[in-house]
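Colleague: Have a look at this one.
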Amino acid sequence: MSAVTTPVKKSPGVRSTHSESSALSRWANNHRKWLFAAPAMVFVAVLIVFPVAWTGYLSLTDAEGSVRAESSFIGFQNYLDVLGDTDRFWPAVWRTALFTGVVLFFEVVLGMAIALLLWRPFRGEKWVRVAILLPLVATPVAVGMMWRLIFDPNIGAANQLLGWFGISPQPWLAGQGSALPTTMFIDIWQWTPMVVLILLAGLTAISDEPQEAALIDGASTWQRFRHVTLPLLMPTVIVAILLRGIDALKTFDILYATKGRGGGSFHEVETLNVYAYGLSFDYNDYGVSSTVLIIFFLIIIGVMWALTYRKKGMDR
Amino acid sequence: MKPRGPYRIFRAVALVLVVLALVAPLVWMVAASLKTNVDIYDTEKTFSFTPTLDNYANVLQQANYVKFIGNSLWVALAATVLSLLLGVPAAYSMSRFNMKKSALVVLMARVIPGVSLLVPWYYVFSNLQMVGGFTVLILSHMFVSLPLIVYIMMGYFDGLPAELEEAALVDGLTHIGAFRRITLPLSVPGVATAGILSFIFSWNNFMFALVLSGADTKTLPVAIFDFVGYASIDWGGLMAAATVVTLPIMVIALFVQKYVVSGLTAGATKG
Numbered sequence: 074m075s076a077v078t079t080p081v082k083k084s085p086g087v088r089s090t091h092s093e094s095s096a097l098s099r100w101a102n103n104h105r106k107w108l109f110a111a112p113a114m115v116f117v118a119v120l121i122v123f124p125v126a127w128t129g130y131l132s133l134t135d136a137e138g139s140v141r142a143e144s145s146f147i148g149f150q151n152y153l154d155v156l157g158d159t160d161r162f163w164p165a166v167w168r169t170a171l172f173t174g175v176v177l178f179f180e181v182v183l184g185m186a187i188a189l190l191l192w193r194p195f196r197g198e199k200w201v202r203v204a205i206l207l208p209l210v211a212t213p214v215a216v217g218m219m220w221r222l223i224f225d226p227n228i229g230a231a232n233q234l235l236g237w238f239g240i241s242p243q244p245w246l247a248g249q250g251s252a253l254p255t256t257m258f259i260d261i262w263q264w265t266p267m268v269v270l271i272l273l274a275g276l277t278a279i280s281d282e283p284q285e286a287a288l289i290d291g292a293s294t295w296q297r298f299r300h301v302t303l304p305l306l307m308p309t310v311i312v313a314i315l316l317r318g319i320d321a322l323k324t325f326d327i328l329y330a331t332k333g334r335g336g337g338s339f340h341e342v343e344t345l346n347v348y349a350y351g352l353s354f355d356y357n358d359y360g361v362s363s364t365v366l367i368i369f370f371l372i373i374i375g376v377m378w379a380l381t382y383r384k385k386g387m388d389r
Numbered sequence: 004m005k006p007r008g009p010y011r012i013f014r015a016v017a018l019v020l021v022v023l024a025l026v027a028p029l030v031w032m033v034a035a036s037l038k039t040n041v042d043i044y045d046t047e048k049t050f051s052f053t054p055t056l057d058n059y060a061n062v063l064q065q066a067n068y069v070k071f072i073g074n075s076l077w078v079a080l081a082a083t084v085l086s087l088l089l090g091v092p093a094a095y096s097m098s099r100f101n102m103k104k105s106a107l108v109v110l111m112a113r114v115i116p117g118v119s120l121l122v123p124w125y126y127v128f129s130n131l132q133m134v135g136g137f138t139v140l141i142l143s144h145m146f147v148s149l150p151l152i153v154y155i156m157m158g159y160f161d162g163l164p165a166e167l168e169e170a171a172l173v174d175g176l177t178h179i180g181a182f183r184r185i186t187l188p189l190s191v192p193g194v195a196t197a198g199i200l201s202f203i204f205s206w207n208n209f210m211f212a213l214v215l216s217g218a219d220t221k222t223l224p225v226a227i228f229d230f231v232g233y234a235s236i237d238w239g240g241l242m243a244a245a246t247v248v249t250l251p252i253m254v255i256a257l258f259v260q261k262y263v264v265s266g267l268t269a270g271a272t273k274g
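In structure tokens, the structure reads:
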């Protein structure tokens, strides 16, 4: 993304004699930088910057119920309430961290393993790549519904499969303790392919020479991976973690599709995003939800900043 | 370096397992969509059952999915086209003039949690009585599409040598003329990548439509979610609905696999 670009040099000697060089066209050409960029940026400003600012304002009010209802300014009361809420807020923070940490770990480890398997050409490669693409493009809500059937305790394929190995049926999504790990599994199924694709792109960009040199020096397969491939691939791994991490923190579709409002009757899978959505649109508690959102937003920015900071350190 | 020996066997086995793990659930979904609910509840008929298209007939006719397919298509296409119109020139400017801060503003949209935008949008648009209409829905989907398009296209323009445009300027074209006649035609693969990705993400989007769509503008992911009532689930119908929404996007993705992959991995290796 941050690749160095060569700005188009102004060519002073060449005066355009083209018929397009009317006053308007000259103006447009001289101001093309902002003429091109402005529409998108205005769109973003109106639809993003302004709403985020409004969310910030709402977080300082007691807005709830109807969007037309009057609300009054209450300062940082919502923040005190939310940060002191060990019933819903902090468990949601914990679940968000746990969900993100676990899925990232498995997606990167599995993604790396699969990418290494796919690295060198083989017969049937095309078909494997097709299989890898399928979960990625599938609609997450549909994926959630699909796994709901597979993990159904009575008729699902998961328990049938366990039965063949003599393992007793599990409650999966229906269990209070097992619901969150099951949704993690679904996320890992759907998004590991993303990491595979990113790492494969990174692997393809690595030259063979350091590998061959290490081979001649008698390095074992593990040593070559650990000391040659991995260090070269590390910047790409960080990109994968960054991209997946942002999305994992914000996971909503799979959780809402499998457990519904409030992350299930016992809030088993209620992450910050699900909590904020529920406060906003299931309970219409806009003031508190805005507070949760602002805190959530700061958490995401913090995590991103930490990761890019680390990446910059490695690029040097 | 070609792998050899026992590793080849290990790799073959491992790859078969990976493919199975990725594809088997999808096969299960499609299989269930072809079963009657009686057969779905009968674990002895897991593999041997008489396929039926009744679930699809139900979903498409009674549950009105033909309309929802149309809605999804319209919203995804409109959001994609409008985002391309805004995003491609913006990405060009940001790439050529190295506008890092402006790019960051647009890319922030990829980071912000969608709910934090939905609350104010809902406030404003419900007061304007626009919630439930296509306009708001398309605008909200552009919020997903635009950053994606800018991100992909910036990478693409970074890779196009500026010398080509300079040559066009020498030949008497204006800057904008050079962009339109030289750069844009060369960027068709990039635009295709960005457009396809934007379409997929918009088609799959759930949260915005969940809040901002109405009975007439409902998109497919919301329709699937609504399929699950409080009573017992019609699994056959639900799986048919899930297949109806995922199958088209998978088929499209397979035809344009190269673009999808390059879009998803855009910017990953340049750091």
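Sequence order for the protein chains is A and B. The numbering used here puts the last residue of the first sequence at 389; the count rises by one with no breaks. The numbering used here puts the last residue of the second sequence at 274; the count rises by one with no breaks. For each residue, glycine too, the CB sits at the ideal point set by N, CA and C. What you are looking at is a predicted structure, and each value in this text was computed from that prediction instead of being measured.
1. I think B/Phe146 touches B/Leu107, with their Cβ atoms under 8 Å apart; what is that distance to the nearest whole Å?
2. Please decide whether B/Thr196 counts as near chain A, where near means a Cβ-Cβ distance under 8 Å.
3. To the nearest angstrom, how far is it from the Cα of A/Arg88 to the Cα of A/Ala101?
4. Could one say the Cβ of A/Ser362 lies closer than 8 Å to chain B's Cβ atoms, at least one of them?
5. To which residues of the same chain is B/Arg184 closer than 8 Å at the C-beta, ignoring the five residues directly before and after it?
6. Return the CA-CA distance between A/Gly197 and A/Gly333, expressed in angstroms with no decimal places.
7. Can you grab the Cα-Cα spacing for the pair A/Ala278 / A/Ile205, in whole Å?
8. Is A/Glu137 closer than 8 Å to A/Gly360 when the C-beta atoms are compared?
9. Quick check on B/Ser216: does DSSP put it in helix, strand or coil?
10. Using a C-beta to C-beta distance shorter than 7 Å, which residues of chain A count as neighbours of B/Val108?
11. Terminal residues of the continuous alpha helix (DSSP H) containing A/Val301?
12. Quick one, which residues of the stretch 95-109 of chain A are near chain B if we go by CB-CB under 7 Å, in chain order?
13. Note down, in chain order, each residue of its chain lying with its Cβ closer than 7 Å to the Cβ of B/Val41, except the 5 sequence neighbours on either side.
14. Between the beta-carbon of A/Ala215 and the beta-carbon of B/Thr249, is there less than 8 Å?
15. Cutting at 6 Å between CB atoms, please list the residues of its own chain near A/Ile390, excluding the five before and the five after it.
16. A/Ala349 versus chain B: which residues are under 9 Å apart at the beta carbon?
17. Work out the CA separation of B/Val16 and A/Ile327 for me, nearest whole Å.
18. Using only alpha-carbon positions, find the residue among B/Thr39, B/Ser143, B/Tyr126 and B/Thr83 that is nearest to A/Glu143.
19. Are the C-beta of B/Pro224 and some C-beta of chain A separated by less than 8 Å?
20. Assuming B/Met242 contacts B/Ser36 (C-beta within less than 8 Å), just tell me the rounded distance between them.
21. Quick check: A/Leu189 and B/Val118, are their CB atoms within less than 8 Å of each other?
22. Helix, strand or coil: which one does DSSP assign to B/Thr246?
23. Once the 5 residues before and after B/Val247 are set aside, which same chain residues still bring their CB inside 8 Å of it?
24. Sort A/Ala379, A/Arg383 and A/Val347 by Cα distance to A/Phe369 and report the nearest one.
25. Name the residue from A/Leu288, A/Ile261 and A/Ala170 whose alpha carbon lies nearest to the alpha carbon of A/Gly375.
26. From what residue to what residue does the alpha helix (DSSP H) around B/His178 run?
27. Can you pull the chain B residues whose beta carbon is under 7 Å from the beta carbon of A/Pro208, in chain order?
28. Are the CB atoms of A/Ala330 and A/Gly217 within a distance shorter than 8 Å?
29. Note down, in chain order, all residues in the stretch 72-102 of chain B with a beta-carbon under 7 Å from any beta-carbon belonging to chain A.
30. Examine the ligand FMN and report whether any of its heavy atoms sits within less than 7 Å of the Cβ of A/Ile289.
31. Under 8 Å, Cβ to Cβ, is there at least one residue of chain B near A/Thr90?
32. Kindly confirm or deny that the stretch 86-98 of chain B and the stretch 191-206 of chain B touch, where touching means at least three C-beta pairs closer than 8 Å.
33. Let's see if you can read the secondary structure: which residues bound the alpha helix (DSSP H) around A/Ala286?
34. Applying the 10 Å Cβ sphere with the 16-neighbour rule, what's the burial state of A/Val201?
35. Between B/Leu80 and the rest of its own chain, which residues show a CB-CB distance below 8 Å, the 5 nearest in sequence each way excluded?
36. Check the C-beta distance from A/Trp220 over to A/Ile259 and give it rounded, since I have them as a contact under 8 Å.
Modeller: The answer reads as follows:
1. Indexing the second sequence from 1 puts residue 146 of chain B at position 143. Indexing the second sequence from 1 puts residue 107 of chain B at position 104. Incorrect: roughly 16 Å between the Cβ atoms, too far for contact.
2. The sequence position of residue 196 of chain B within the second sequence is 193, counting from 1. Not an interface residue.
3. The count along the first sequence starts at 1 and reaches residue 88 of chain A at position 15. The count along the first sequence starts at 1 and reaches residue 101 of chain A at position 28. Model confidence at A/Arg88 stands at a pLDDT of 48, short of 50, so the residue's coordinates are unreliable; what they give is reported in the following sentence. Cα-Cα distance, rounded: 15 Å.
4. As a first step, residue 362 of chain A is located in the first sequence; it is residue number 289 there, counting from the start. Closer than 8 Å: yes.
5. Position 181 of the second sequence, counting from 1, holds the residue named residue 184 of chain B. Cβ within range, chain order: Ala171 and Leu176.
6. Start at 1 with the first residue of the first sequence, and residue 197 of chain A comes out as number 124. Start at 1 with the first residue of the first sequence, and residue 333 of chain A comes out as number 260. When rounded, the distance between both Cα atoms is 40 Å.
7. Start at 1 with the first residue of the first sequence, and residue 278 of chain A comes out as number 205. Start at 1 with the first residue of the first sequence, and residue 205 of chain A comes out as number 132. About 20 Å.
8. Sequence index remark: in the first sequence, residue 360 of chain A carries index 287 (1-based). Sequence index remark: in the first sequence, residue 137 of chain A carries index 64 (1-based). The answer is yes: Cβ separation under 8 Å.
9. In the second sequence, counting from the first residue as 1, residue 216 of chain B sits at position 213. Note: B/Ser216 maps to strand in three-state DSSP.
10. By 1-based counting over the second sequence, the position of residue 108 of chain B is 105. Those within 7 Å of B/Val108 in chain A are Met114 and Val117.
11. Within the first sequence, residue 301 of chain A is the residue found at index 228, counting from 1. Where A/Val301 is concerned, there is no enclosing alpha helix (DSSP H), given that its DSSP letter is neither H nor E.
12. Ser98, Ala101, Asn102, Arg105, Lys106 and Phe109
13. As a working mapping, residue 41 of chain B is identified with position 38 in the second sequence. Cβ within range, chain order: n/a, list empty.
14. Position 142 of the first sequence, counting from 1, holds the residue named residue 215 of chain A. Position 246 of the second sequence, counting from 1, holds the residue named residue 249 of chain B. In contact: A/Ala215 and B/Thr249 (Cβ atoms closer than 8 Å).
15. The requested residue 390 of chain A does not occur in the structure, where chain A is confined to residues 74 to 389.
16. Within the first sequence, residue 349 of chain A is the residue found at index 276, counting from 1. Neighbours of A/Ala349 on chain B, chain order: Pro116, Val118, Ser119 and Val122.
17. By one-based count along the first sequence, residue 327 of chain A stands at place 254. By one-based count along the second sequence, residue 16 of chain B stands at place 13. Roughly 30 Å separates the two Cα atoms.
18. Taking the first residue of the first sequence as 1, we reach residue 143 of chain A at position 70. Closest by alpha carbon: B/Tyr126.
19. Counted from its first residue, the second sequence places residue 224 of chain B at position 221. Yes, B/Pro224 lies at the interface with chain A (some Cβ there is under 8 Å from its Cβ).
20. Position 239 of the second sequence, counted from the first residue, corresponds to residue 242 of chain B. Position 33 of the second sequence, counted from the first residue, corresponds to residue 36 of chain B. That pair is a contact at about 4 Å.
21. Looking up residue 189 of chain A in the first sequence gives position 116. Looking up residue 118 of chain B in the second sequence gives position 115. No, Cβ-Cβ distance for A/Leu189 and B/Val118 is not below 8 Å.
22. Your numbering for residue 246 of chain B matches position 243 in the second sequence. Correct three-state label for B/Thr246: helix.
23. Taking the second sequence and counting its residues from 1, the one referred to as residue 247 of chain B is at position 244. So the list reads Tyr59, Val62, Leu63, Tyr68, Ile72 and Leu223, once near-sequence residues are dropped.
24. Locating residue 369 of chain A in the first sequence gives position 296, counting from the first residue. Checking every option, the nearest Cα to that of A/Phe369 belongs to A/Val347.
25. Sequence index remark: in the first sequence, residue 375 of chain A carries index 302 (1-based). Out of A/Leu288, A/Ile261 and A/Ala170, A/Ala170 has the C-alpha closest to the C-alpha of A/Gly375.
26. As a first step, residue 178 of chain B is located in the second sequence; it is residue number 175 there, counting from the start. It spans His178 to Ala181 - the alpha helix (DSSP H) in which B/His178 sits, taken as one unbroken run.
27. Here the question's residue 208 of chain A lines up with position 135 in the first sequence. Per Cβ cutoff of 7 Å: Leu25.
28. As a working mapping, residue 217 of chain A is identified with position 144 in the first sequence. As a working mapping, residue 330 of chain A is identified with position 257 in the first sequence. Contact: yes.
29. Leu89, Gly90, Pro92, Ala93, Tyr95, Ser96, Met97, Ser98, Arg99, Phe100, Asn101 and Met102
30. Judged by which ligands are present, the structure shown has none, so any question about the ligand FMN falls away.
31. Counted from its first residue, the first sequence places residue 90 of chain A at position 17. With a pLDDT of only 47 at A/Thr90, under the threshold of 50, the placement of this residue in the model should not be trusted; the figure read from the coordinates follows. With 8 Å as the cut-off, A/Thr90 counts as an interface residue toward chain B.
32. yes
33. Mapped onto the first sequence, residue 286 of chain A falls at position 213. Looking at the DSSP string, the run of the alpha helix (DSSP H) that includes A/Ala286 is Glu282 to Ile289.
34. The residue given as residue 201 of chain A occupies position 128 in the first sequence. By the 10 Å Cβ count, A/Val201 comes out buried.
35. The residue you call residue 80 of chain B lines up with position 77 of the second sequence. If we look at B/Leu80 and ignore the five residues flanking it on each side, its Cβ neighbours are Phe202.
36. Indexing the first sequence from 1 puts residue 220 of chain A at position 147. Indexing the first sequence from 1 puts residue 259 of chain A at position 186. So it is a contact: roughly 5 Å between Cβ atoms.
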